[in-house]
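Novice: At position 154 of the sequence shown (counting the first as 1) the number is 478 in the working numbering, and the numbers step up by one without a gap. Every residue gets a Cβ at the ideal spot worked out from N, C-alpha and C, and that includes glycine. First the structure, which I've put down as structure tokens, then a few questions once you've had a look.
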Amino acid sequence: MIRDIENETRPREDLQALQLQRLQAVVERVYHLVPFYRRRLDEAGVKPEQIRTLDDLKRLPFTTKQDIRDNYPFGMFAAPMDQIVRIHASSGTTGKPTPVAYTQRDIDNWAELMARTLAAGGAHAGDIVHVAYGYGLFTGGLGAHYGAERLGAAVIPVSGGQTRRQIMLIQDFCPTVLCCTPSFALYLAEVGQEMGVDFAKTKLRVGIFGAEPWSDAMRTEIEARLHLDALDIYGLSEILGPGVAIECVEAKRGLHIFEDHFLPEIINPVTLETLAPGEIGELVITTITKEAFPLLRYRTRDITSLNYAPCKCGRTIARIGRLQGRSDDMLIIRGVNVFPSQIESVLMETPGVAPHYQLIVDREGQLDTLEVAVEVDETVFSDEVKQLQALAQNIQRKIKDYFTVSVKVKLVEPRTIPRSEGKAQRVIDKRKM
Ligand code: DLL
Numbered sequence: 325m326i327r328d329i330e331n332e333t334r335p336r337e338d339l340q341a342l343q344l345q346r347l348q349a350v351v352e353r354v355y356h357l358v359p360f361y362r363r364r365l366d367e368a369g370v371k372p373e374q375i376r377t378l379d380d381l382k383r384l385p386f387t388t389k390q391d392i393r394d395n396y397p398f399g400m401f402a403a404p405m406d407q408i409v410r411i412h413a414s415s416g417t418t419g420k421p422t423p424v425a426y427t428q429r430d431i432d433n434w435a436e437l438m439a440r441t442l443a444a445g446g447a448h449a450g451d452i453v454h455v456a457y458g459y460g461l462f463t464g465g466l467g468a469h470y471g472a473e474r475l476g477a478a479v480i481p482v483s484g485g486q487t488r489r490q491i492m493l494i495q496d497f498c499p500t501v502l503c504c505t506p507s508f509a510l511y512l513a514e515v516g517q518e519m520g521v522d523f524a525k526t527k528l529r530v531g532i533f534g535a536e537p538w539s540d541a542m543r544t545e546i547e548a549r550l551h552l553d554a555l556d557i558y559g560l561s562e563i564l565g566p567g568v569a570i571e572c573v574e575a576k577r578g579l580h581i582f583e584d585h586f587l588p589e590i591i592n593p594v595t596l597e598t599l600a601p602g603e604i605g606e607l608v609i610t611t612i613t614k615e616a617f618p619l620l621r622y623r624t625r626d627i628t629s630l631n632y633a634p635c636k637c638g639r640t641i642a643r644i645g646r647l648q649g650r651s652d653d654m655l656i657i658r659g660v661n662v663f664p665s666q667i668e669s670v671l672m673e674t675p676g677v678a679p680h681y682q683l684i685v686d687r688e689g690q691l692d693t694l695e696v697a698v699e700v701d702e703t704v705f706s707d708e709v710k711q712l713q714a715l716a717q718n719i720q721r722k723i724k725d726y727f728t729v730s731v732k733v734k735l736v737e738p739r740t741i742p743r744s745e746g747k748a749q750r751v752i753d754k755r756k757m
């Protein structure tokens, strides 16, 4: 269902007029309220009044995560503290978290965007939404929570953890919508199976899964095991949290990005040139409605492409392709670029291995090596050693055919790869240890 027909099905010319007006306002805002941006814009020789067309976006400087770090903790806020009502932060695998802020209007816009997101998945008032994204500094839990309430749905704010108890609640409280990471969805399926739960008998109808990369093959697996429509949701704390882009349940082809709030571009991460629709590169987003934490041309590091073709659901807003991963997560194994999600696709095509894996990157001499540790399922595990070896070789060959690199494949016992209640850790980089 389209919750906001006006903003999601507008003719492009009208949308662009709105975007330009909002872009001009945000440039004006940051120029006057954020010393960092004033300096950057002055260095680039751009004054707010020189933004006359959407094309002038290209004249604006990029913003990076490092810029936000350099202004730690609150130097990039564009509203005084008496107008800020919420602070979240991205986890940051190393060092300090990256704080982001919201005014009351930002929170309202976010709730509305998340309501639009859930509606794209077919959710409506009367639904019961089980939110298993973490609550706290992470934006997933509270983002989904406010959106579901705005939609008029009932929220079960379980947050992460206590997997068995969550399965009990799914059976007893009968939620119809499940919000969590795809790796946790898979874990719920696994634990449910151990508990003898038939998910076809639960009321779950749709899953809103994101916050980490996952493949189409993983979607098929989760849909079959949980008996629901699994949709991909994208967002990042710096830009908003969840509610930036979502697949529609009608097409499940590309994630609609809410262009009335975000201006997307795709750039070549090396030359920084803007790429054409369809070309794969780094997603850059300019927020055009945020008050407390607006960002100009923020380099997300996420790799995808843009598609402006109207969708069969009726939306005219652009779609981004499924995220391949972050440029920082891309492994370069003997000169070949490999994304963990691509390895996942190969593993998922192989009968006998479970969808739980880890990639271990190491270095031998000057060369980077990759070991793929993947669980075999119960039936295969009891097979003879010879059969297990053949399975490992088969996976090795498939990966070699696909990427032209040789990797080591290690089959491991069922349930030995750590399960995740939030974002899964797929890559272990021993080079950095
Ligand atoms: O993960 C916000 C979120 C919460 C999105 C719940 C979706 C659902 P951060 O912790 O700041 O925010 O992490 C953002 O996660 O730059 C991507 O690299 C990755 N990511 C998020 N969604 C997807 C997705 C939240 N659908 C970072 N596919 C982003 C692939 C994703 N990667």
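Indicate, with yes or no, if the ligand MN has a heavy atom lying under 7 angstroms from the CB of SER629.
Specialist: Annotation note on the ligand MN: not contained in the displayed structure, which lists the ligand DLL as its ligands.
Novice: Ignoring anything shorter than 3 residues or poking outside the stretch 656-696, list the beta strand (DSSP E) runs there in chain order.
Specialist: 660-662, 677-688
Novice: Counting Cβ pairs closer than 8 angstroms, one from the stretch 482-497 and one from the stretch 530-544, do we hit at least three?
Specialist: No, because fewer than three Cβ pairs between the stretch 482-497 and the stretch 530-544 fall closer than 8 angstroms, the two stretches do not touch.
Novice: Taking all protein chains shown into account, do 16 or more other C-beta atoms lie within 10 angstroms of the C-beta of VAL455, making it buried, or fewer, making it exposed?
Specialist: buried
Novice: Can you name the start and end residues of the alpha helix (DSSP H) that ILE480 belongs to?
Specialist: Careful: ILE480 lies outside any alpha helix (DSSP H), inside the beta strand (DSSP E) at 478-480.
Novice: With distances taken between CB atoms, is the gap from PHE586 to ILE609 smaller than 8 angstroms?
Specialist: yes
Novice: Which residue from VAL700, LEU555, PHE398, GLN749 puts its Cα closest to that of GLU737?
Specialist: VAL700
Novice: Where do the ends of the beta strand (DSSP E) carrying SER414 lie?
Specialist: 408-414
Novice: Specify the secondary structure class of VAL424 as computed by DSSP and reduced to three states.
Specialist: strand
Novice: Compare the beta carbon distance of LEU384 and ARG621 with 8 angstroms and say whether it is the shorter of the two.
Specialist: yes
Novice: From GLY460 to GLU562, what does the alpha carbon distance come to, in whole angstroms?
Specialist: Looking at the backbone, the Cα of GLY460 and that of GLU562 are separated by about 15 angstroms.
Novice: Which runs of the alpha helix (DSSP H) fall wholly inside the stretch 701-753 and span at least 4 residues, in chain order?
Specialist: 702-705, 709-727
Novice: May I ask you to list the residues that DSSP assigns as paired with HIS356?
Specialist: Paired residue(s): none; HIS356 is not in a bridge.
Novice: Nearest to LEU683 by CA position, among ILE719, ARG363, ILE667, VAL424, is which residue?
Specialist: ILE667
Novice: Apart from the five residues on each side of it in sequence, which residues of its chain come closer than 6 angstroms, Cβ to Cβ, to HIS680?
Specialist: GLU699, ILE741
Novice: Ends of the alpha helix (DSSP H) at ARG270?
Specialist: Any property of residue 270 remains undetermined from this structure, which presents the chain solely from 325 to 757.
Novice: So what's PRO506 in DSSP terms, helix, strand or just coil?
Specialist: Residue state, collapsed to three classes: helix.
Novice: Assign CYS498 to one of two classes, buried (16 or more other C-beta atoms within 10 Å of its C-beta) or exposed (fewer than that).
Specialist: exposed
Novice: With burial defined as no fewer than 16 other Cβ atoms inside 10 Å of the residue's Cβ, what is the status of VAL594: buried or exposed?
Specialist: By the 10 Å Cβ count, VAL594 comes out exposed.
Novice: Using DSSP with H/G/I as helix, E/B as strand and the rest coil, what is GLU589?
Specialist: strand
Novice: Any idea which residues DSSP pairs ASP430 with across the strands?
Specialist: In DSSP, ASP430 forms no bridge with anything.
Novice: Check whether the Cβ of ALA535 sits closer than 7 angstroms to any heavy atom of the ligand DLL, and report yes or no.
Specialist: yes
Novice: I want to know whether the stretch 627-640 touches the stretch 381-400 - three or more CB-CB distances under 8 angstroms.
Specialist: no
Novice: Mind checking who ILE570 pairs with in its DSSP beta bridge?
Specialist: ILE557, HIS580
Novice: Assuming TYR511 and SER744 form a contact by the criterion Cβ under 8 angstroms, report the distance between their Cβ atoms to the nearest whole angstrom.
Specialist: 7 angstroms
Novice: In whole angstroms, what is the alpha-carbon distance linking ALA425 and ILE408?
Specialist: Taking the straight line from one Cα to the other gives about 7 angstroms.
Novice: Quick one: is the Cβ of THR333 within less than 7 angstroms of any heavy atom of the ligand DLL?
Specialist: no
Novice: What does DSSP give as the partner residues of ARG643 in its beta bridges?
Specialist: HIS580, ASN631
Novice: Can we count LEU712 as close to the ligand DLL, meaning its CB is less than 7 angstroms from some heavy atom?
Specialist: no
Novice: On the CB-based measure, 16 or more other CB atoms within 10 Å of its CB, does HIS356 come out buried or exposed?
Specialist: exposed
Novice: Once you ignore the five residues that flank GLU436 on each side, which residues in its own chain have a CB closer than 7 angstroms to its CB?
Specialist: ARG474
Novice: Please work out which residues of its chain come closer than 8 angstroms, Cβ to Cβ, to GLN374, disregarding the five sequence neighbours upstream and downstream, and give them in chain order.
Specialist: ASP380, ARG383
Novice: Go through its chain and collect everything with a Cβ distance to ALA402's Cβ below 7 angstroms, but skip five positions before and after it.
Specialist: ARG353, VAL354, LEU357, VAL358, GLU615, ALA616, PHE617, PRO618
Novice: Drop a sphere of 10 angstroms on the beta-carbon of ASN592, count the other beta-carbons inside from all chains shown, and report buried for 16 or more, exposed for fewer.
Specialist: exposed
Novice: When the Cα of LEU735 is compared with those of ASP707, ARG755, THR728, which residue comes out closest?
Specialist: Among ASP707, ARG755, THR728, the Cα nearest to that of LEU735 belongs to ASP707.
Novice: In whole angstroms, give me the CA-to-CA distance for MET654 and PRO664.
Specialist: Cα to Cα, the separation comes out at about 7 angstroms.
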